[in-house]
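Student: Structure below; questions to follow.
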Amino acid sequence: MDVLSQLQRQLADFLASLYREGFVDDQFTQLQKLQDESSPDFVMEVVSLFFEDCEKLVNNMAKVLEQQVVDFKQVDSHVHQLKGSSSSIGAARIRNVCIAFKTFCEAQNREGCLRCLQQVNHEHAQLKANLQSLFTLERQIVAAGGSVPAMQ
Amino acid sequence: MAITGDSRSQFHVLAVDDSLIDRKLIERLLKTSSYQVTTVDSGSKALKFLGFQEDEQSNPDTPFGSPNNHQEVEVNLIITDYCMPGMTGYDLLKKVKESSSLRNIPVVIMSSENVPSRITRCLEEGAEEFFLKPVRLSDLNRLKPHMMKTKIKNQKQEDQEELKISEIQSDEQQQPVQPPSPQPQPQPQPESQPPPPPALLLQHNNNKRKAMEEGLSPDRTRPRYNGIPTMV
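Here it is, written out as structure tokens:
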């Protein structure tokens, strides 16, 4: 197999595993469908925005949660935002953590919230690493003269 | 209001959402569907863009084309998020529908939450559609009929006026007058439509349609559209 075919095979397998393990869902596929010659970096741009947003929200939530008296409404509002944006880009695992997170906010459970925050951090780091690998593979394919295969 | 030959066939959508990511997404979705897009991050900015004047509400008899409520740019559809700080999408919807100059612009609401009472409330207030987020390309197929309806109604209105004028005039007809449109109903159906989600039951509210008809301007200086695109 030539280099290009190998890379393309690698990309297909990697992407399949991301879906299989629930890192991304169908909404991520929808994002890829929106990428074309007129908007070649669309997915990367949106994903970058998401990671920035996620980091900011996590920092804010951490601050609120370490107060003497926790304003759970504020935490909930941040979780709501994170849930929305993770859903919009197809970050399924993060979205699922947010669902649990919301429940703890409503129950005014600080420990539960802190655990969820940790989980969000963890998932964020994993997803970031995975998507960076994905984008690198895509770049390599393009550099080798190929094009990124159309997603189903 | 100047409309160039190109933008005549283009629809302009105003998208409102406080989330940057969702704005980027909806913009891309709309552009991919060949719509012109303007995005704003709040209901108040949307109203500003639309040239909304507060005193229109207290004076329902304000004639159209009056110098106070001119739109800088024609907007064919407003698509707005429901949950926004300050003015919600519902508040924005209400303001648009209460405005004499804006109420015939179709409004679509988006929400990440499937709350049936919320959906009903929005539809009753005059929203054309309610999309659950994340919005997909296939959802946008449902937009064109709403935007076309207004244009076709305008066309029909003008056709009937033309006919009246030509009847009053002599038999000699200098310019080709189009008889009222041969289409049976001014509701072009898109070729294939995904079935609406169970939470939605789209019913054409007669009151709503009547409001739209009354909202049309008898202004004869509005530019004519030569030929209505009937293929979607």
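So the sequences go chain by chain: G and V. If you use UniProt numbering, the first sequence corresponds to residues 1 to 152, in order. If you use UniProt numbering, the second sequence corresponds to residues 1 to 232, in order. Idealized CB from N, CA, C, for every residue including glycine.
#1: Enumerate in chain order the residues of its own chain whose CB-to-CB distance from Cys98 of chain G is below 6 Å, with the five nearest sequence positions on each side excluded.
#2: Looking at the strands, I want to know which residues DSSP matches up with Met110 of chain V.
#3: Taking just the CA atoms, how far does Val69 of chain G sit from Ala100 of chain G?
#4: Less than 6 Å between C-beta atoms, sequence neighbours within five positions excluded: which residues of the same chain meet that for Gln119 of chain G?
#5: My parser needs the alpha helix (DSSP H) runs of 4 or more residues fully inside the segment 23 to 99 of chain G; what are they?
#6: If you count every other CB in all the chains shown that lies within 10 Å of the CB of Ser86 of chain G, and 16 or more means buried, which is it?
#7: Mind checking who Val37 of chain V pairs with in its DSSP beta bridge?
#8: How many whole angstroms separate the CB atoms of Leu14 of chain V and Ile78 of chain V, which I take to be in contact at a CB cut-off of 8 Å?
#9: Check the Cβ of Gln30 of chain G against every Cβ in chain V and list those closer than 8 Å, keeping chain order.
#10: In the DSSP assignment, find the alpha helix (DSSP H) that holds Arg139 of chain G and state where it starts and stops.
#11: Check the Cβ-Cβ distances between Leu143 of chain V and every residue of chain G, and say whether any is below 8 Å.
#12: Quick one, which of G:Ile141, G:Ala143, G:His124 has its alpha-carbon nearest Val24 of chain G's?
#13: Closer than 7 Å by beta-carbon distance: list the chain G residues that pair up with residue 248 of chain V, in chain order.
#14: Mind checking if Ile21 of chain V is an interface residue toward chain G, Cβ cutoff 8 Å exclusive?
#15: Under the rule that 16 or more other beta-carbon atoms within 10 Å means buried, what is Arg93 of chain G, buried or exposed?
#16: Assuming Val96 of chain V is part of the alpha helix (DSSP H), what are its boundary residues?
#17: Can you tell me whether DSSP reads Arg142 of chain V as helix, strand or coil?
#18: Against chain V, does Val46 of chain G count as a neighbour if the rule is that its beta carbon must be under 8 Å from one of theirs?
Tutor: Inspection of the coordinates gives the following:
#1: Non-local beta-carbon contacts of Cys98 of chain G in its own chain, meaning distances under 6 Å to residues more than five positions away in sequence, involve Val79, Leu82, Lys83 in chain order.
#2: Beta-bridge pairing links Met110 of chain V to V:Asp81, V:Phe131.
#3: 21 Å
#4: Val97
#5: 26 to 33, 42 to 65, 72 to 89
#6: buried
#7: V:Val13
#8: 5 Å
#9: Pro134, Arg136, Leu137
#10: For Arg139 of chain G, the enclosing alpha helix (DSSP H) has its first and last residue at 110 to 143.
#11: no
#12: G:His124
#13: No answer is possible for residue 248 of chain V: the residues shown for chain V start at 1 and end at 232.
#14: yes
#15: buried
#16: 89 to 98
#17: Arg142 of chain V: coil per DSSP, three-state reduction.
#18: yes
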